[in-house]
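Visitor: Let me give you the structure first, and then I'll get to my questions.
Protein chains: 2
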Amino acid sequence: MQRFVNNPDLVVEDTLKGFVKAHSDILRIAENPRVVVAKNAPVKGKVGIVTGGGSGHEPGFMGYTGKNMLDAVAVGELFSSPTAKSFHDAIRAADGGAGVVCLYGNYAGDNMNVKMATKLAAKDGIDVATVVANDDVCSAPFSEREKRRGVAGEIFMWKIGSARATQGGTLQEVQAAAQKAIDNCRSIGVGLGPCTLPAVGHPNFQIEPGTMEVGIGHHGEPGVRVEPLKRAEEVAKDMCKIVLDDHDLPEGTEVAVLVSGLGATPLNELYILNDTIESEITKRGLVVYKTYVGNYFTSLEMVGATLTVFALDTETKPLLDLDVACTILL
Amino acid sequence: MQRFVNNPDLVVEDTLKGFVKAHSDILRIAENPRVVVAKNAPVKGKVGIVTGGGSGHEPGFMGYTGKNMLDAVAVGELFSSPTAKSFHDAIRAADGGAGVVCLYGNYAGDNMNVKMATKLAAKDGIDVATVVANDDVCSAPFSEREKRRGVAGEIFMWKIGSARATQGGTLQEVQAAAQKAIDNCRSIGVGLGPCTLPAVGHPNFQIEPGTMEVGIGHHGEPGVRVEPLKRAEEVAKDMCKIVLDDHDLPEGTEVAVLVSGLGATPLNELYILNDTIESEITKRGLVVYKTYVGNYFTSLEMVGATLTVFALDTETKPLLDLDVACTILL
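Chains C and S supply the protein sequences, listed in that same order. Per UniProt numbering, the first sequence starts with residue 1, numbered consecutively. Per UniProt numbering, the second sequence starts with residue 1, numbered consecutively.
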């Protein structure tokens, strides 16, 4: 295992220490060491924005804390939900008196812990609304969308929800904007190589050399098919077909495109995928308004990429354009 | 080879196509398809800023094109210098009538091609000044600094030179600022795993599992030693010692720190390194003014990290703070 770790059981602690040192200009750690808080949070009178999730997806979750972005983030162990207490502490740290919207991904642990945290926050007198991301097309059929997992589309949900809060939206307005954002996101992942939790020391799942897994989840959850590794343009066409067939957008719709690496894929290959992705999207009569390419939502050193297509409208487009200050270019 | 490629011989072409599609809001391709130009370049009366280098280091080189950053970038094949013609075309694209500074790395091919391009530009009546980056401490002893290679410190050289040009500096002033920046940078790389050029199909060099190579170059150039893989904090201490011993900065000096992944190292592990790095720097009586952690200068899917420490002064600090718009957060 060729990795930079100290004690494999303390990867998250060590990560957080180095993370906060790097970004102390925009964020800090709460009294609970597993809660990251934007430096200016809570903002009095503004709806607070919270998320949380397992570690190992960096900059996923905590890296999106910042000005005009997430107010507080609950940090879990590698690939595990944060505790209910951490979600609760994040909600309290984000609360500026106008309530808090918790925007998180559809995983069993997160669902359970957010529910408990919401109850605890209610006892503190904090109104909490939630939106559950379910943008991962391959994790369940369209008819069972409520079962789908949340993946990189969460970034758009966070950005739109946060922007609406910055603009003075009420709890219900912020919740509605974030819900609209995630409802208009579709994502898919393709895996070319697995990842290893340092404390385990060997991959939790396998992807045989010469093959790829289409529709793979962020923790190696099985995709819809394993097939021989194809040329990048064929992979990109498959990704677009799966995502766009699920969405059925009217011609002329403007979209934001996010091509994220899973951790160990070179940036130039994400651009190679993007070449075909943008062509395919354009062929469908859609208009690419903005593109993000890079390691935006990863899975340790997994080899692979995800595509997220976010259909914009006159409400969400200006919200997407709002300037933010977090740890990554948005 | 688990990679997203089409024709392995056309990796750079395909990368550029997807790159320009993603970032057409800030850059474009020149008539020469191997030259990337900032959308607003050339800026009349401003000194133009040019660089160039081999591909495979993304976002290295072309990703730093943009507003208040590089005006034009010559793009080479994977791990190979751009042609003299491409450097020449980049210089012409960047020229706003006040001359052009070419800020590049100390590699044989780049040295030769920039020299030829400078001569060609002189025939066009364009004044060209150059600064050659040599921040890689392990590539030659201090007494032979002129032989050292340029690595991630180039990013600071570009930012400082570009900022000085934005502020209206003359050709000589911009050259001097960029020279000061790179003179005050020291970098080191540690390799944990090699990388593979897609057209070759197997790694060009080896790093045996269980070992690491200290002082490795961006193309697998041998480091100063191969040793058993250590804990992250030991690796970080070694990196700091090598970099800071070479620099001998007075106590109280403010520094910018860049911890870059080499392509396949998870972001959380860069933060783990940063935890110890910032502690070590602080122990020396230095003050960390700003930290950058991420894949800023890579080598395809190489596993490893680089550390760059940039000593600031009253001239360079405000230049580092100037807002820019390129493809990565700076």
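Ideal Cβ positions, reconstructed from N, Cα and C, are used throughout, including at glycine.
May I have the straight-line CA-CA distance separating S/R149 from S/N111, to the nearest angstrom?
Guide: Answer to the nearest angstrom: the Cα atoms are 11 Å apart.
Visitor: When burial is assigned at 16 or more other CB atoms within 10 Å of the CB, is S/H202 buried or exposed?
Guide: So S/H202 ends up on the exposed side.
Visitor: Look at the alpha carbon of S/G53 and the alpha carbon of S/L267, and state the distance between them as a whole number of angstroms.
Guide: Rounded to whole angstroms, S/G53 to S/L267 spans 25 Å at the Cα level.
Visitor: Please list, in chain order, the chain S residues whose beta carbon lies closer than 7 Å to that of C/P209.
Guide: Within 7 Å Cβ-Cβ: Q2.
Visitor: Just checking my contact of S/T327 with C/F4 at CB under 8 Å: how many whole Å lie between their CB atoms?
Guide: S/T327 to C/F4, Cβ: 25 Å. No contact.
Visitor: Is there at least one Cβ from chain S nearer than 8 Å to C/K39's Cβ?
Guide: Chain S contact via Cβ: absent.
Visitor: When you compare only the Cα positions, how much space is there between C/E213 and S/S260?
Guide: The straight-line gap from Cα to Cα measures roughly 29 Å.
Visitor: How is the beta strand (DSSP E) around C/T15 delimited, first residue to last?
Guide: C/T15 -> not in any beta strand (DSSP E); alpha helix (DSSP H) instead, spanning V11 to A22.
Visitor: Below 9 Å between beta carbons is the criterion; list the residues of the segment 253-276 of chain C that meet it against any residue of chain S, in chain order.
Guide: Listed by position, the residues of the segment 253-276 of chain C near chain S (Cβ gap below 9 Å) are V257, V259, G261, G263, A264, T265, P266, L267, N268, E269, L270, Y271, I272, L273, N274, D275 and T276.
Visitor: According to DSSP, is C/L320 part of a helix, a strand, or is it coil?
Guide: If DSSP states are grouped into helix, strand and coil, C/L320 belongs with the helices.
Visitor: Tell me which same chain residues have a C-beta within less than 7 Å of the C-beta of C/V226, skipping the five on either side of it?
Guide: Contacts found: T211 and E213.
Visitor: Is the distance from the Cβ of C/D71 to the Cβ of C/P33 below 8 Å?
Guide: Taking 8 Å as the Cβ cut-off, C/D71 and C/P33 do not qualify as a contacting pair.
Visitor: Mind checking if S/L322 is an interface residue toward chain C, Cβ cutoff 8 Å exclusive?
Guide: Output row for S/L322: interface = no.
Visitor: Could you work out which residues of chain S lie near C/N68, taking near to mean beta carbons separated by less than 7 Å?
Guide: Within chain S, no residue comes near C/N68; the closest Cβ sits about 14 Å away, beyond 7 Å.
Visitor: Just checking: is the beta-carbon of C/R225 within a distance shorter than 8 Å of some beta-carbon in chain S?
Guide: Not one chain S Cβ lies under 8 Å of C/R225.
Visitor: Buried or exposed: C/T166, going by 16 or more other Cβ atoms within 10 Å of its Cβ?
Guide: C/T166 should be labelled buried.
Visitor: From the DSSP output, read off the bridge partner residues of S/S260.
Guide: Answer by DSSP bridge pairing, in chain order: S/G294 and S/T306.
Visitor: In terms of alpha-carbon separation, which member of C/K159, C/L330 and C/G66 lies closest to C/Y104?
Guide: Minimum Cα distance to C/Y104 is reached at C/K159.
Visitor: Exposed or buried, C/G168, counting other C-beta atoms within 10 Å across all chains shown (16 or more means buried)?
Guide: Result: exposed.
Visitor: Grab the span of the alpha helix (DSSP H) containing C/S86 for me, first residue to last.
Guide: A84 to A94 is the span of the alpha helix (DSSP H), which, as asked, contains C/S86.
Visitor: Does the separation of the CB atoms of C/G161 and C/V101 fall below 8 Å?
Guide: Going by C-beta atoms, C/G161 is nearer than 8 Å to C/V101.
Visitor: Taking the alpha helix (DSSP H) that C/S299 falls in, what are its first and last residues?
Guide: Unbroken run through C/S299: none, as it is neither H nor E.
Visitor: For a quick check, are the C-beta atoms of S/M62 and S/A84 less than 8 Å apart?
Guide: No.
Visitor: Hey, how far is the Cα of C/E144 from the Cα of C/L258?
Guide: Distance between the alpha carbons of C/E144 and C/L258 is about 24 Å.
Visitor: Taking one C-beta from the segment 120-140 of chain S and one from the segment 84-96 of chain S each time, how about it: are there three or more such pairs within less than 8 Å?
Guide: Result yes; three or more Cβ-Cβ pairs closer than 8 Å.
Visitor: I need the boundaries of the beta strand (DSSP E) containing S/V43, first residue and last residue.
Guide: Taken as a continuous stretch (DSSP letters only), S/V43 belongs to no beta strand (DSSP E), as it is neither H nor E.
Visitor: Tell me the residue span of the alpha helix (DSSP H) that contains C/S55.
Guide: Here C/S55 belongs to no alpha helix (DSSP H); instead the beta strand (DSSP E) covers G48 to S55.
Visitor: Would a check of beta-carbon distances place S/A305 closer than 8 Å to chain C?
Guide: Cβ-Cβ to chain C under 8 Å: yes for S/A305.
Visitor: Just list the residues that DSSP pairs C/R225 with in beta bridges.
Guide: BP columns for C/R225 point to C/V214.
Visitor: Select from the segment 28-61 of chain C all residues with a C-beta closer than 8 Å to any C-beta belonging to chain S, and list them in chain order.
Guide: Those would be S55, G56, E58 and P59, in chain order.
Visitor: Would you kindly work out how many angstroms separate the C-alpha atoms of C/K67 and C/V190, rounded to a whole number?
Guide: Their backbone Cα atoms lie some 32 Å apart in a straight line.
Visitor: Please confirm whether S/K21 has its beta-carbon closer than 8 Å to some beta-carbon of chain C.
Guide: Yes - at least one Cβ of chain C is within 8 Å of the one on S/K21.
Visitor: Does the beta carbon of C/T15 sit closer than 8 Å to a beta carbon anywhere in chain S?
Guide: So yes, C/T15 belongs to the interface.
Visitor: Using beta carbons (cut-off 8 Å, strictly below), is C/R284 in contact with chain S?
Guide: Closer than 8 Å: no.
Visitor: If contacts are defined as beta-carbon pairs under 8 Å, then S/T196 and S/M1 qualify, I think. What distance do you get, rounded to the angstrom?
Guide: Confirmed, Cβ separation roughly 6 Å.
Visitor: Where do the ends of the beta strand (DSSP E) carrying S/A74 lie?
Guide: That run of the beta strand (DSSP E) goes A72 to L78.
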